[in-house]
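Position 114, counted from 1, in the sequence shown is what the UniProt record's numbering calls 114; the numbers after and before it change by one each time, with no gaps. Glycine included, every Cβ here is placed at the ideal spot set by N, Cα and C. Note sheet for the following structure.
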Amino acid sequence: HTVHNNILTESILAVHTVHREQFFTNIAKGGKVTQSSMFGPERTIDGNHASNWHLGSCTHTQRDKNPWWRLDLLKTYEINTVTITIRGDCCQERINGAEIRIGNSLKDNGNTNPRCAVISSTEHGTSKTFMCNGMEGRYVNVVIPGRQEYLTLCEVGSFLVNVVIPGR
């Protein structure tokens, strides 16, 4: 409100804001998965965090050069965290040096998208959360670059994501 010559005038300012609502969910469950060689990639998004491959709860590639696993979220999200459960019955050292990559490109099967994190030594069967700080992407990849190796993952999910809701 302003007063000019004893006349009260009202100024109206229209403001459009974008509200970002952050939530922690397993958006992976509705996605599609594939990997460099097929031994159950869907096991990584089944909600089963058991870490024993022999019980059918983990995926496994062949001993591929640069083995990879990819999740298609079917739309782009702003991803803040990714939680990965690794194999607990053996072989946890195989995951050392694996990279989590997030982006919208399928070039080289998505393995050239921006890097969120590098997975280092982890304990048998543990779940570890990696900070991705709002990286945008439809595809989430885990790739072991530069060597011939088996890639075994037991669960990938529990993402902390931002959803943009216009006008709130």
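Check: Between the C-alpha atoms of Tyr77 and Lys107, what's the straight-line distance to the nearest angstrom?
Finding: 19 Å
Next item on the list: Check whether the Cβ atoms of Ser127 and Thr85 lie closer than 8 Å to each other.
Entry: yes
Checklist line | Asn6, buried or exposed, once every other Cβ within 10 Å from all chains shown has been counted against 16 | finding: With a pLDDT of 48 at Asn6, under the threshold of 50, the predicted position of this residue should be treated as unreliable, and no value is reported.
Check: Closest to Met38 by CA distance: which of Ala28, Gly30, Cys58 is it?
Finding: Cys58
Next item on the list: Quick one: give me the first and last residue of the beta strand (DSSP E) that Asn141 is part of.
Entry: Residues 127-143.
Note to self: With distance defined between alpha-carbon atoms, name the residue in Lys29, Asp64, Gly30, Trp69 nearest to Arg101.
What the structure shows: Trp69
Check: Is it a yes or a no for the stretch 133-148 touching the stretch 108-122, going by three-plus beta-carbon pairs under 8 Å?
Finding: Touching, yes, given that three or more Cβ pairs across the two stretches are closer than 8 Å.
Item checked: 7 Å Cβ shell around Lys75 - same chain, five flanking residues per side excluded -> Arg138
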